[in-house]
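Single-structure report; data block below.
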Amino acid sequence: MRIANNIKAIEEELSRLAVKLIAVSKTKPQSDIMEAYHAGHRAFGENIVQELVGKHEALPKDIEWHLVGHLQSNKVKYIAPFIGLIHSVDSLKLLSEINKQAVKHARIIDCLLQIHIASEDTKFGLDHAELIELLRSEQIGELKNIRIRGLMGIATNTPSEKIVKEEFYELKSLFDGIKQSFFRDTPYFDTLSMGMSADYKIAIEQGSTMVRLGSTIFGER
Ligand SMILES: *Cc1c(COP(=O)(O)O)cnc(C)c1O
């Protein structure tokens, strides 16, 4: 009952704030996902394509699957038939491949562009200049089977609330600016995925619309 209780408590907290919860179930067994499912939860996130595909095949088909981890172009084909939202798009090449696979399955695939906000340089994502370049490119207008729903970012893993807050503030400002300049007439550009177990409260204060929580729900990995 622990997972069900965690889900219910967090759902209640977030629904009041109109923030969507993605339960990040990576490394956790299918039985853990089913406990959350029976508590009424449907949106789950994974970071490895192979694990995501296996869980999708085994589990109820009304689960909405999110890919939150890095995606290689050659793996897009495995998730294209069913993926709900890809949080980690960081190049035009990847976006083109997602579009190509989406066409094959006669789908529109929702994507977020991952922005590099952390001070660690090992983290994936676009910087501001790369984001602008991508959005200004001519090819992007030709990709009719993807929808850019918003941005995603991962803050620095640090006990300093000040640093985390500044990074989320920066991402929210970028989100608002991009919306104004590139997505003014696209109401579906509405998603700002920021916040994990350690920092989701700060992320919500700074304007997150979607949090990705693993250990808070399922326990330590
Ligand atoms: C693992 C992971 C999460 C969840 O992390 P927790 O700290 O367990 O909440 C969120 N986002 C991404 C991209 C992840 O890889």
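Each residue of the sequence shown is one higher than the one before, starting from 1262 at the first, in our numbering. We put the beta carbon where it would ideally sit given N, CA and C, even for glycine. Bear in mind that the values here come from a model prediction, so they are computed numbers and not experimental data.
So does S1476 have its beta carbon nearer than 8 Å to some heavy atom of ligand 1? For the purposes of this step, residue 1476 is identified with residue 215 of the sequence shown, where counting begins at 1. Within the cutoff, so yes.
Could you please give me the residues that DSSP links to I1465 through a beta bridge? Taking the sequence shown and counting its residues from 1, one reaches residue 1465 at position 204. Its beta-bridge partners do not exist; DSSP assigns none.
Under 8 Å: does the beta carbon of S1458 sit that close to some heavy atom of ligand 1? Along the sequence shown, read from residue 1 onward, the residue named residue 1458 stands at position 197. Annotation for S1458 indicates a beta carbon within 8 Å of some heavy atom of ligand 1.
What is the DSSP secondary structure of F1343, counted as helix, strand or coil? Position 82 of the sequence shown, counting from 1, holds the residue named residue 1343. Coil at F1343, not helix or strand.
Three or more C-beta pairs under 8 Å: does that hold for the region 1459 to 1472 against the region 1280 to 1294? By the Cβ criterion, the region 1459 to 1472 is in contact with the region 1280 to 1294, since at least three pairs of Cβ atoms, one from each stretch, lie closer than 8 Å.
Taking the beta strand (DSSP E) that D1371 belongs to, which residues open and close that run? Taking the first residue of the sequence shown as 1, we reach residue 1371 at position 110. I1370 to I1376 is the extent of the beta strand (DSSP E) around D1371.
Does the region 1373 to 1382 come close enough to the region 1292 to 1301 to have 3 or more Cβ pairs within less than 8 Å? Because the criterion of three Cβ pairs below 8 Å is not met, the region 1373 to 1382 and the region 1292 to 1301 do not touch.
Could you check the C-alpha separation between H1366 and P1448 for me, to the nearest Å? Here residue 1366 is taken as the residue at index 105 of the sequence shown, counted from 1. Here residue 1448 is taken as the residue at index 187 of the sequence shown, counted from 1. Computed Cα separation, rounded: 24 Å.
Which residues DSSP lists as bridging I1283, in chain order: What you label residue 1283 is simply residue 22 of the sequence shown in a count that begins at 1. According to the DSSP secondary-structure assignment, I1283 is paired through a beta bridge with R1473.
What did DSSP end up calling L1412 once you bin it into helix, strand or coil? By 1-based counting over the sequence shown, the position of residue 1412 is 151. Here L1412 sits in strand by DSSP.
Determine, using beta carbons only, whether S1454 and S1469 come nearer to each other than 9 Å. Taking the first residue of the sequence shown as position 1, residue 1454 is located at position 193. Taking the first residue of the sequence shown as position 1, residue 1469 is located at position 208. In this structure, S1469 lies closer than 9 Å to S1454 by Cβ.
Cβ-heavy atom distance between A1267 and ligand 1 below 8 Å? Position 6 of the sequence shown, counting from 1, holds the residue named residue 1267. Sequence check: residue 1267 is Asn here, not Ala. Outside the cutoff, so no.
Cβ shell of P1342 (< 7 Å), same chain only, five flanking positions each side left out: Along the sequence shown, read from residue 1 onward, the residue named residue 1342 stands at position 81. Around P1342: H1366.
Assuming the contact rule is C-beta atoms closer than 8 Å, V1350 and L1313 should be a hit. Round their C-beta distance to whole Å, please. In the sequence shown, counting from the first residue as 1, residue 1350 sits at position 89. In the sequence shown, counting from the first residue as 1, residue 1313 sits at position 52. Distance from V1350 to L1313 at the Cβ level is roughly 15 Å; contact not present, criterion being Cβ atoms closer than 8 Å.
In three-state DSSP terms, what is I1238? Nothing can be reported for residue 1238: it is not among the residues displayed for the chain, which extend from 1262 to 1482.
Sub-9 Å separation of L1320 and I1347 beta-carbons: Along the sequence shown, read from residue 1 onward, the residue named residue 1320 stands at position 59. Along the sequence shown, read from residue 1 onward, the residue named residue 1347 stands at position 86. Their beta carbons are not under 9 Å apart, which means L1320 does not touch I1347 by this criterion.
How big is the Cα-Cα spacing for N1418 and I1378? As a first step, residue 1418 must be located in the sequence shown, where it is residue number 157. As a first step, residue 1378 must be located in the sequence shown, where it is residue number 117. One C-alpha to the other measures close to 11 Å.
Buried versus exposed call for K1316 [16 or more other C-beta atoms within 10 Å across all chains shown]: Working through the sequence shown from its first residue, we reach residue 1316 at position 55. Around the beta carbon of K1316, 16 or more other beta carbons sit within 10 angstroms, so the residue counts as buried.
Cross-strand partners of V1314 (DSSP beta bridge): For the purposes of this step, residue 1314 is identified with residue 53 of the sequence shown, where counting begins at 1. For V1314, which the question treats as bridged, DSSP gives no partner whatsoever.
Near A1304, which residues of its chain fall below 6 Å by C-beta distance, leaving aside the five closest residues on each side in sequence? To locate residue 1304, count along the sequence shown from 1; it is residue 43. Here the set comprises I1283 and E1325.
One question on the structure: do N1360 and K1405 come within less than 9 Å of each other, judged by their Cβ atoms? Looking up residue 1360 in the sequence shown gives position 99. Looking up residue 1405 in the sequence shown gives position 144. Contact flag set, yes.
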